[in-house]
Amino acid sequence: MNDNELSTMVRESVADVHSATPIAQIISRGRAVRARRRTPALAGAGAVLAGTALAVATLVPSGHSGVEGSRHPGNPLANARLAAWTVAKQASGDIDVTIRQLRNPAGLQSALRADGLPVRVSYSRPRPPIRVSGSYRARPIYESLVGVGPGYHGPADQAPQLPCKFYPTSTDVLNAVVNFPGGGSTAGGAVYLVIKPSALPAGVGLAMFLGGSLDDIMLPNSPPPGTAGGAGVSTFSMSKDGRPRMVVSVTVTPVYASQQCTG
Amino acid sequence: MGVGTQQLDFAEFYRSAADECLRAVLVSIGDQDTARELVDEAFARAWASWRTVSRHPAPKAWVVRTALNASISRWRRARREVHVPDPGRVADLHAVSGTSATMVDPQIMAALMRLPARQRQVVALRLILDLDTARTAEMLGIAPGTVMAHLGRAMTALRHDLQPELQRESQP
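Protein chains in written order, with the working numbering: chain A, 1 to 263; chain B, 1 to 172.
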């Protein structure tokens, strides 16, 4: 079999596949894409406000840098409101989380832990590729926290010691714990999710990754069969050349709860 | 260009390119439903950016590249709305159960899915979209020589995978 015959065989293997989506449906969907692109302007406005709030906060000798509202430790239903994100615990115990910007992840982690969620919050920041004796390329944040992923090419016994361990669970269980109402994004380009700590299996917590680049958010290359690697939502704006640019990305993945990982 | 003209222009492009783009994405990811979803989304983005895409030297390749990018990002984020399963496993399941949505040769699809992702992308762009080596290299962001190497390895692997099947078929 020569190359031409093989090429013909490959082409013919999919020759009966046809697109059945009506053009009207594509155009309607395209209009929705255009509408989504309007969100960056709103998100940009939010960023300016947030920057202002943070700048003002640094002038005030307060332990709550960037806090717009306040958190009341004695009141479990109080909201911790920050420019970059909002955490609100409902009477049901569910936690509403809105993330507008990739700022103050430590504060977000503290707020979530204070609401009873065993969680580790990490976020990516620009950094050069990590190389150890030629064993690494650019290391996604997931690998640095939970496990050695597809970017690791070195010997297993030289893998870095990591603070968290991935907990294999089903999609159903993960769906019970984490929800993204309305598709998980708000009109302003923020990510919105609801976490139900009571649905977490005993001894299990969450690792939450915030990123501004697809390359920084990577789930396990091959989660065990039947398990969920994680769930996430990203909001995008569209650059002038038509390429999508991520605004905020939030990915949640189950991990074994431990002092080292989830506090 | 007025909106009406744009729409006609895009409609013509969609009619002429939709099947080919779908086949190219299918060859790359192996699952028909996911391929349809990704291609629909890519065409929607093409319509949303039609002024730019219509001037692109290879708009079909733009659509396929956009669909594949969406596939990668969805896989990475393991979004709930579209779960992209392990393509090799899906293709093998189809080969066993014969349950693919449209008649696609399951043995060839399984052989394609056993190729590394980059080789499948090269096969999709070179063989299905019929792009030349230079354009394929540009779309994938790799060197032309790398495209040729990927295609050569892919053809060798496919030939090795499919040859026994052909021989069995040719036996009386």
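Every residue, glycine too, gets a C-beta built ideally from N, C-alpha and C.
Going by C-alpha distance, which of A/S185, A/G184, A/N175, A/A207 is nearest A/A199? The residue with the shortest Cα to Cα distance from A/A199 is A/N175.
Does the Cβ-Cβ distance between B/M148 and B/T133 come in under 8 Å? yes
Cβ-based neighbour list, B/A46, same chain, cut-off 6 Å, excluding 5 preceding and 5 following: V53, V63
Check whether the Cβ of B/L68 lies closer than 8 Å to any Cβ atom in chain A. no
For the stretch 6-22 of chain A against the stretch 107-125 of chain B, are there 3 or more C-beta pairs whose distance is under 8 Å? By the criterion of at least three beta-carbon pairs nearer than 8 Å, the stretch 6-22 of chain A is in contact with the stretch 107-125 of chain B.
Could you list which residues in chain A have their beta carbon closer than 9 Å to that of B/V64, in chain order? Within chain A, no residue comes near B/V64; the closest Cβ sits about 13 Å away, beyond 9 Å.
Given a threshold of 16 other Cβ atoms within 10 Å of its Cβ, counted over all protein chains shown, does B/D15 qualify as buried or as exposed? Before going further, note that residue 15 of chain B is Arg rather than Asp in the sequence given. Counting Cβ neighbours within 10 Å, B/R15 comes out exposed, since fewer than 16 surround it.
Any idea what DSSP makes of A/R81, helix, strand or coil? Interpretation of A/R81 is limited by its pLDDT of 41, a score under 50 that renders its predicted location unreliable; no figure is taken from the coordinates.
Since B/A58 and B/M139 should fall inside the 8 Å C-beta cutoff, what is the C-beta to C-beta distance between them, to a whole number of angstroms? 7 Å
Would you say A/S170 faces chain B, with C-beta separation under 8 Å as the test? Not an interface residue.
Just to confirm my understanding: we take B/A35, look at its own chain, exclude 5 residues before and 5 after, and list those with CB closer than 7 Å. What are they? L22, V25, L26, I29
Quick one: grab the DSSP three-state call for A/R34. helix
With A/T98 and A/A190 assumed to form a contact (beta carbons below 8 Å), what rounded beta-carbon distance in angstroms separates them? 5 Å
Looking at B/V39: is its Cβ nearer than 8 Å to the Cβ of B/A61? no
Report the neighbours of A/L6 on chain B: residues whose CB is nearer than 7 Å to its CB, in chain order. For A/L6, the C-beta contacts it makes with chain B under 7 Å involve M155, L158, R159, in order along the chain.
So for A/G69, helix, strand or coil by DSSP? A caution first: A/G69 carries a pLDDT of 30, below 50, which makes its placement in the model too unreliable to give a value.
Identify every residue that forms a DSSP beta bridge with A/P254. A/L206
Boundaries (first-last residue) of the beta strand (DSSP E) holding A/S122: Run containing A/S122: 119-123, per the beta strand (DSSP E) assignment.
Examine chain B for any beta-carbon lying closer than 8 Å to the beta-carbon of A/H1, and answer yes or no. The sequence shown places Met at residue 1 of chain A, rather than the His named in the question. So yes, A/M1 belongs to the interface.
Three-state secondary structure (DSSP) at B/Y14? helix
Which chain B residues sit within Cβ distance under 7 Å of A/R11? Correct list: L127, I128.
Is B/A173 close to chain A, meaning its C-beta is less than 8 Å from at least one C-beta of that chain? Chain B is shown only over 1 to 172; residue 173 of chain B falls outside these bounds and no answer can be derived.
Locate the beta strand (DSSP E) running through A/D96, then write down its first and last residues. 95-99
Quick check on A/S19: does DSSP put it in helix, strand or coil? coil
Among residues of its own chain, excluding the 5 on either side of A/S62, which ones have a beta-carbon nearer than 6 Å to its beta-carbon? At A/S62, the pLDDT of 23 sits below 50, so the modelled position is not reliable; the number obtained from the coordinates is stated separately. Excluding sequence neighbours, A/S62 sits near nothing in its chain.
Close beta carbons around A/R34, own chain, < 6 Å, minus the five adjacent residues each side: none
Assigned exposure category for B/T5 - 16 Cβ within 10 Å defines buried: exposed
In the DSSP output, which residue or residues are listed as bridge partners for A/Y192? In the DSSP assignment, A/Y192 is bridged to A/T98.
Could you compute how far the alpha carbon of A/A20 sits from the alpha carbon of B/A143? 35 Å
Apply the 10 Å Cβ neighbour rule to A/P118 and answer buried if 16 or more other Cβ atoms are within range, or exposed otherwise. buried
For A/G203, collect the residues of the same chain with a Cβ closer than 6 Å to its Cβ; drop the 5 residues on either side in sequence, then sort them by chain order. Correct list, in chain order: A257.
Inspect the beta-carbon positions of A/A84 and A/Q109 and report whether they are closer than 8 Å. No, Cβ-Cβ distance for A/A84 and A/Q109 is not below 8 Å.
Work out the CA separation of A/V178 and A/D96 for me, nearest whole Å. 10 Å
In whole angstroms, what separates the C-alpha of B/T146 from that of A/I27? 36 Å
At least one CB of chain B closer than 8 Å to the CB of A/R120: is that the case? no
Indicate the three-state DSSP secondary structure (helix, strand or coil) for A/A231 in the structure shown. strand
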